[in-house]
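A.B. asks:
Residue numbers (the working numbering): 44 to 374.
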């Protein structure tokens with residue numbers, strides 16, 4: 044495994060981030076534990092979760108599964124850089140949200156941290172991330188709450204997820220005025236087929252020293268060899284984002300060109316999609332959410348994959364990015 048600094052911090056993290064969203068609703072507890080063991084054995088030390096993960100198995104269930112894994116010992120907690128998130132309501136699906144039980148008020152941040160610590164069975168969280176912007180809570184209040192938690196040793200760093208560029212700037216300028224460290228990471232939708240983050244989010248992250256953690260690196264399976272699987276297995280296996288995208292003829296043509304290009308090079312589409320992200324300026328490491336050890340092994344191979352300039356240029360032709368900002372939208 045290869046490692047890098049998380050943004051401007053001294054924290055060293057793996058070039059792959061283990062995503063845990065499947066733990067609970069799609070991957071049972073024993074299999075989830077096996078995947079975490081395999082990831083740790085391979086040198087993956089950055090684990091990402093959220094307080095709301097668990098969905099059908101119940102919100103918070105994913106954190107609970109990670110917590111029972113930590114209790115097995117073997118220095119599991121000590122070796123893991125643990126990131127979780129706060130913002131969404133934690134009540135049952137469809138139930139009315141009680142005031143102050145979601146978003147980023149100082150009250151909910153305090154409440155949510157304590158609840159996550161209990162579920163995770165740990166006494167600190169390495170990176171506490173804001174899952175969404177809160178338009179109604181000023182950053183002065185947010186950083187006051189964060190500073191208290193840092194002083195108490197309950198969290199070490201703060202990060203963001205799904206923030207626009209101007210909110211990254213606003214958050215860190217406010218933190219600087221308070222003498223606080225500010226955001227150290229940003230999780231955003233970023234992959235070959237979705238490059239809008241290059242316009243504002245990634246430039247802002249690089250300017251303020253945030254490590255960029257792309258989520259959905261295969262764009263919901265679209266970049267994982269979906270057309271090849273469709274033809275060999277005789278059925279469409281895609282759903283969600285990938286299915287919606289493939290319904291558009293222009294996108295289907297792009298994906299076909301992508302798979303044809305990689306077939307000529309003898310490369311696996313999913314591995315190339317991850318390896319491409321690792322070449323992008325500012326990217327710390329994409330989040331991968333394997334359901335099996337084979338999927339994890341494929342992701343690990345991507346870390347060692349070197350993409351020649353010729354191939355990178357060809358990928359840009361198939362999936363062109365917006366170009367440099369502000370030129371991309373100014374003229």
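All C-beta atoms in this analysis are idealised placements derived from N, C-alpha and C, irrespective of residue type, glycine included. Since we're looking at a predicted model, the values are computed, not measured.
Enumerate in chain order the residues of its own chain whose CB-to-CB distance from residue 69 is below 8 Å, with the five nearest sequence positions on each side excluded.
C.D. replies: Counting only Cβ-Cβ distances below 8 Å, and skipping sequence neighbours, we find 334.
A.B. asks: What ranges does the beta strand (DSSP E) occupy inside the stretch 58-105, keeping only unbroken runs of at least 3 residues that lie completely in it?
C.D. replies: The qualifying runs are 60-62, 89-91.
A.B. asks: Could you tell me which of 352, 357, 321 sits nearest to residue 46, measuring between CA atoms?
C.D. replies: The option with the nearest alpha carbon to residue 46 is 321.
A.B. asks: Going by DSSP, what residues sit across from residue 55 in a beta bridge?
C.D. replies: Paired residues: 48.
A.B. asks: Check for me: the alpha helix (DSSP H) holding residue 182 runs from which residue to which?
C.D. replies: That run of the alpha helix (DSSP H) goes 182-194.
A.B. asks: Taking residue 318 and residue 340 to be in contact with their CB atoms under 8 Å, please state how far apart those CB atoms are, rounded to whole angstroms.
C.D. replies: No, residue 318 and residue 340 are not in contact; Cβ-Cβ is about 15 Å, not under 8 Å.
A.B. asks: Could you tell me which of 258, 252, 307, 234 sits nearest to residue 365, measuring between CA atoms?
C.D. replies: Comparing Cα positions, the closest option is 234.
A.B. asks: Any idea what DSSP makes of residue 126, helix, strand or coil?
C.D. replies: Note: residue 126 maps to strand in three-state DSSP.
A.B. asks: Does the structure place the stretch 86-98 close enough to the stretch 260-268 that three or more beta carbon pairs sit under 8 Å?
C.D. replies: Taking 8 Å as the limit for Cβ pairs, the verdict is that the stretch 86-98 does not touch the stretch 260-268.
A.B. asks: Going by DSSP, what residue range makes up the alpha helix (DSSP H) through residue 292?
C.D. replies: Taken as a continuous stretch (DSSP letters only), the alpha helix (DSSP H) holding residue 292 covers 292-308.
A.B. asks: Using DSSP's beta-bridge definition, name the partner residues of residue 374.
C.D. replies: Answer by DSSP bridge pairing: none, since residue 374 is not bridged.
A.B. asks: With residue 356 as the anchor, note down where its alpha helix (DSSP H) starts and where it stops.
C.D. replies: It spans 352-361 - the alpha helix (DSSP H) in which residue 356 sits, taken as one unbroken run.
A.B. asks: Go ahead and label residue 239 buried or exposed: buried means 16 or more other beta carbons lie within 10 angstroms of its beta carbon, across all protein chains shown.
C.D. replies: Counting Cβ neighbours within 10 Å, residue 239 comes out exposed, since fewer than 16 surround it.
A.B. asks: Measure the C-alpha to C-alpha separation of residue 325 and residue 227 and round it to an integer number of angstroms.
C.D. replies: Residue 325 and residue 227: Cα-Cα distance of roughly 12 Å.
A.B. asks: From this set, 202, 299, 258, which residue's C-alpha is nearest residue 251's C-alpha?
C.D. replies: That would be 202, whose Cα lies nearest to the Cα of residue 251.
A.B. asks: Between which two residues does the beta strand (DSSP E) harbouring residue 229 extend?
C.D. replies: That run of the beta strand (DSSP E) goes 226-232.
A.B. asks: Using beta-carbon positions only, say whether residue 99 and residue 105 come within less than 8 Å of one another.
C.D. replies: Result no, Cβ atoms of residue 99 and residue 105 do not sit closer than 8 Å.
A.B. asks: What residues match up with residue 173 in a beta bridge as DSSP calls it?
C.D. replies: Beta-bridge pairing links residue 173 to 129, 203.
A.B. asks: Residue 102 to residue 351, Cα distance in whole Å?
C.D. replies: Whole-angstrom Cα-Cα distance: 43 Å.
A.B. asks: Does DSSP put residue 316 in a helix, in a strand, or in coil?
C.D. replies: Helix, per DSSP.
A.B. asks: Candidates 211, 147, 323: which alpha carbon is nearest residue 189's?
C.D. replies: For residue 189, the nearest C-alpha among the options comes from 147.
A.B. asks: Could you tell me whether any Cβ in chain C is nearer than 8 Å to the Cβ of residue 310?
C.D. replies: In the structure shown, chain C does not exist; there is a single protein chain.
A.B. asks: Evaluate residue 122 with the Cβ neighbour count: other Cβ atoms within 10 Å of its Cβ, from every protein chain shown; 16 or more gives buried, anything less gives exposed.
C.D. replies: Burial call: exposed.
A.B. asks: Taking residue 305 as the reference, which of 289, 357, 272 has the closest Cα?
C.D. replies: Checked all of 289, 357, 272; the closest Cα to residue 305 is 357.
A.B. asks: Answer with buried or exposed for residue 195, where buried requires no fewer than 16 other C-beta atoms within 10 angstroms of its C-beta.
C.D. replies: Classification for residue 195: exposed.
A.B. asks: Please indicate yes or no: does the CB of residue 342 lie closer than 7 Å to some heavy atom of the ligand ADP?
C.D. replies: No copy of the ligand ADP occurs in the structure displayed, which carries no ligand at all.
A.B. asks: Can you tell me whether residue 374 is buried or exposed, with buried defined as 16 or more other CB within 10 angstroms of its CB?
C.D. replies: It counts as exposed.
A.B. asks: In three-state terms, what does DSSP make of residue 328?
C.D. replies: Residue 328 falls in the coil class under three-state DSSP.
A.B. asks: Hey, is the stretch 63-80 in contact with the stretch 201-220, meaning 3+ C-beta pairs nearer than 8 Å?
C.D. replies: The stretch 63-80 is not in contact with the stretch 201-220.
A.B. asks: Looking at the secondary structure, which residues open and close the beta strand (DSSP E) in which residue 140 lies?
C.D. replies: Taken as a continuous stretch (DSSP letters only), residue 140 belongs to no beta strand (DSSP E), as it is neither H nor E.
A.B. asks: Is residue 138 buried or exposed, if buried means 16 or more other CB atoms sit within 10 Å of its CB?
C.D. replies: It is exposed - the Cβ of residue 138 has fewer than 16 other Cβ atoms within 10 Å.
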